[in-house]
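Residue numbers (my numbering), protein chains in the order written: chain A, 19 to 135; chain D, 91 to 205.
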Amino acid sequence: AQTVTQSQPEMSVQEAETVTLSCTYDTSESDYYLFWYKQPPSRQMILVIRQEAYKQQNATENRFSVNFQKAAKSFSLKISDSQLGDAAMYFCAYRKVAGGGADGLTFGKGTHLIIQP
Amino acid sequence: NAGVMQNPRHLVRRRGQEARLRCSPMKGHSHVYWYRQLPEEGLKFMVYLQKENIIDESGMPKERFSAEFPKEGPSILRIQQVVRGDSAAYFCASSPQKAKMTEAFFGQGTRLTVV
Numbered sequence: 019a020q021t022v023t024q025s026q027p028e029m030s031v032q033e034a035e036t037v038t039l040s041c042t043y044d045t046s047e048s049d050y051y052l053f054w055y056k057q058p059p060s061r062q063m064i065l066v067i068r069q070e071a072y073k074q075q076n077a078t079e080n081r082f083s084v085n086f087q088k089a090a091k092s093f094s095l096k097i098s099d100s101q102l103g104d105a106a107m108y109f110c111a112y113r114k115v116a117g118g119g120a121d122g123l124t125f126g127k128g129t130h131l132i133i134q135p
Numbered sequence: 091n092a093g094v095m096q097n098p099r100h101l102v103r104r105r106g107q108e109a110r111l112r113c114s115p116m117k118g119h120s121h122v123y124w125y126r127q128l129p130e131e132g133l134k135f136m137v138y139l140q141k142e143n144i145i146d147e148s149g150m151p152k153e154r155f156s157a158e159f160p161k162e163g164p165s166i167l168r169i170q171q172v173v174r175g176d177s178a179a180y181f182c183a184s185s186p187q188k189a190k191m192t193e194a195f196f197g198q199g200t201r202l203t204v205v
């Protein structure tokens with residue numbers, strides 16, 4: 019079974035600084051998707067960024083970028099120029115490529131990101 | 091285009107009662123996923139449905155829990171004879187087709203409290 023591990027229960031960063039959230043995963047699949055979701059106090063799950071495992075290039079979305087290390091099974095999220103609105107729980111998630119069986123996302127336990135003004 | 095709508099947002103039930111959680115997927119989406127989030131935890135996959143079919147229920151408890159997605163109307167997650175341990179936030183996600191799960195969109199969840 020796939021597992022996703024986020025080893026940082028909480029992280030704190032000064033506004034405008036850069037922070038990196040860690041995520042590792044375990045799978046025997048060679049092709050899969052990885053995601054970072056943001057969950058603010060409203061509880062809405064918001065997709066921040068996604069990475070397809072067969073793509074070597076790291077995904078980037080404005081201030082958000084990932085460092086995808088397939089061999090190490092590592093998928094960290096870097097947030098540049100942190101803003102107060104970035105404060106939230108961040109969840110790393112895995113899904114195998116469609117092909118039958120469970121297609122649900124497997125989530126880590128989350129990292130609570132605090133932005134210090 | 092309205093997003094994924096879940097209702098109610100909050101639901102309080104006494105032990106032994108039934109809880110019914112509703113999820114209306116985004117327009118044009120025929121795939122629905124239910125997840126449960128316990129306090130201080132990530133979301134855990136429960137069940138995946140298409141219209142009138144349960145595709146994968148490997149994450150759903152065998153007893154007391156059931157889900158449906160009828161041809162007309164919302165998807166329903168039903169919990170019979172609720173217990174305190176069922177208290178959690180239940181999230182629904184929808185996508186237009188299986189291969190497009192990367193585009194799944196989440197509702198705001200239903201927080202179930204069992205007293």
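Backbone N, C-alpha and C fix where the C-beta goes; we use that ideal spot for every residue, glycine too.
Residue environment: G132 of chain D is assigned as buried (16 or more neighbouring CB atoms within 10 Å of its CB, all protein chains considered). With respect to V204 of chain D, R174 of chain D sits close: the two C-beta atoms are nearer than 7 Å.
At a beta-carbon threshold of 9 Å, the residues of chain A lying near F181 of chain D are R61, M63, ordered along the chain. Straight-line spacing of the CA atoms in H130 of chain A and G197 of chain D works out to 21 Å.
With respect to chain D, the C-beta atom of F109 of chain A has a partner C-beta closer than 7 Å. By the neighbour-count definition (other C-beta atoms within 10 Å, threshold 16), S25 of chain A is an exposed residue.
With a beta-carbon spacing of about 5 Å, Q134 of chain A and Q32 of chain A fall inside the 8 Å limit used to define contacts.
Positions of the alpha helix (DSSP H) runs, each at least 4 residues long and wholly inside the segment 134 to 170 of chain D, cannot be given because no such run exists. For K161 of chain D and S120 of chain D, the gap between their C-alpha atoms comes out near 10 Å. Cα atoms of I132 of chain A and S30 of chain A: separation of roughly 5 Å, rounded to the nearest angstrom. When D:P164, D:E130, D:H100 are compared, the shortest CA-CA separation from M107 of chain A is found for D:E130. Look at R103 of chain D here: in three-state DSSP terms it is strand.
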